[in-house]
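Here the structure comes first, spelled out in structure tokens, and everything after it is commentary.
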Ligand code: SF4
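In the UniProt record's numbering, the protein residues as written are 1 to 254.
Listed below in structure tokens is the structure:
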């Protein structure tokens with residue numbers, strides 16, 4: 001049974017793995033121009049959508065893979081209602097956890113995976129708590145999270161950015177990824193996981209956490225509201241003169 005790539009256990013990096021090449025100036029300029037136009041369109045700064053502690057955010061994020069926001073939010077609340085704390089979720093019979101999160105996609109896989117992640121945190125920290133991440137630089141905190149089972153680049157970035165840590169981290173979801181590909185910010189064949197480092201490297205180092213969050217939000221919103229998976233609305237897109245895919249589609253329709 002398939003799971004989102006971000007939810008699969010992280011494999012040890014191969015020795016041949018390389019850092020992404022330094023972004024060229026044209027791609028950086030394109031990212032900044034797209035950001036400016038989309039921020040005008042979607043009204044930056046964008047309010048953070050919730051303020052969960054980092055461990056709660058991690059659980060929420062693990063439940064959300066390939067699941068509608070409404071369903072994963074309900075499952076998160078059901079989990080909170082069914083167990084007094086995360087230690088109780090960790091130590092419960094897996095069937096009880098699966099029952100509590102029945103509304104998400106693949107609860108039979110997510111329940112044991114969630115317990116594995118909670119056990120791994122306990123093993124690393126001696127307690128179920130992620131508050132130590134606050135004192136770490138974002139890259140170090142992301143690396144710490146990414147060795148946990150089931151935690152990939154998207155989940156690590158979500159914990160750092162969306163939780164009360166309010167870190168300077170860039171999550172990339174499927175909408176964000178699609179818009180970035182069509183604009184030419186990343187190569188066509190680059191998967192969501194490795195695209196995190198490439199897209200984050202395009203952003204100015206002096207941007208604060210809110211600006212990085214806004215960048216993710218506006219790219220994601222644009223994918224949801226205009227740059228649809230099927231039939232993107234290129235004719236009304238504020239990025240159409242910047243976008244090779246949009247230009248090709250508009251020329252084809254003409
Ligand atoms: S021009 Fe079309 S393909 Fe390009 S970003 Fe806009 S909607 Fe997407």
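All residues carry an ideal CB built from backbone N, CA and C; glycine is no exception. Model, not experiment: these values are computed from the prediction.
Should residue i be labelled buried (16 or more other beta-carbon atoms within 10 Å of its own) or exposed?
i, result
"residue 221", "buried"
"residue 217", "buried"
"residue 159", "buried"
"residue 245", "buried"
"residue 143", "exposed"
"residue 24", "exposed"
"residue 249", "buried"
"residue 277", "Shown here, the chain extends from 1 to 254; a query on residue 277 therefore has no answer."
"residue 97", "buried"
"residue 205", "exposed"
"residue 108", "exposed"
"residue 94", "exposed"
"residue 195", "buried"
Going by DSSP in three states, residue i sits in which element: helix, strand or coil?
i, result
"residue 107", "helix"
"residue 164", "coil"
"residue 86", "helix"
"residue 50", "coil"
"residue 118", "helix"
"residue 220", "helix"
"residue 154", "helix"
"residue 207", "coil"
"residue 76", "helix"
"residue 231", "coil"
"residue 27", "helix"
"residue 239", "coil"
"residue 194", "helix"
"residue 189", "coil"
"residue 39", "helix"
"residue 10", "Summary for residue 10: the model assigns pLDDT 34, below 50, so the residue's position carries little reliability, and this model does not support an answer."
"residue 4", "Caution is warranted here: a pLDDT of 42 is assigned to residue 4, below 50, making its placement in the model unreliable, and the coordinate value is therefore given only provisionally. Reduced to three states, the DSSP call for residue 4 is coil."
"residue 175", "helix"
"residue 65", "coil"
How close, in whole Å, do the beta carbons of residue i and residue j come, if the pair is a contact with beta carbons under 8 Å?
i, j, result
"residue 128", "residue 90", "7 Å"
"residue 252", "residue 178", "With a Cβ gap of about 18 Å, residue 252 and residue 178 do not count as contacting."
"residue 101", "residue 75", "4 Å"
"residue 31", "residue 185", "6 Å"
"residue 239", "residue 34", "6 Å"
Restricting to Cα atoms, I'd like to know which of the options is closest to residue i.
i, options, result
"residue 85", "65, 73 and 55", "55"
"residue 122", "99, 108 and 148", "148"
"residue 69", "109, 104, 80 and 78", "104"
"residue 63", "106, 205 and 39", "106"
"residue 193", "184, 174, 30 and 80", "174"
"residue 124", "153, 145, 234 and 208", "145"
"residue 133", "113, 157 and 115", "157"
"residue 161", "195, 49 and 36", "49"
"residue 27", "45, 183 and 137", "183"
"residue 168", "72, 33, 44 and 210", "210"
"residue 172", "233, 136 and 152", "152"
"residue 81", "140, 99 and 67", "99"
"residue 113", "65, 214 and 140", "65"
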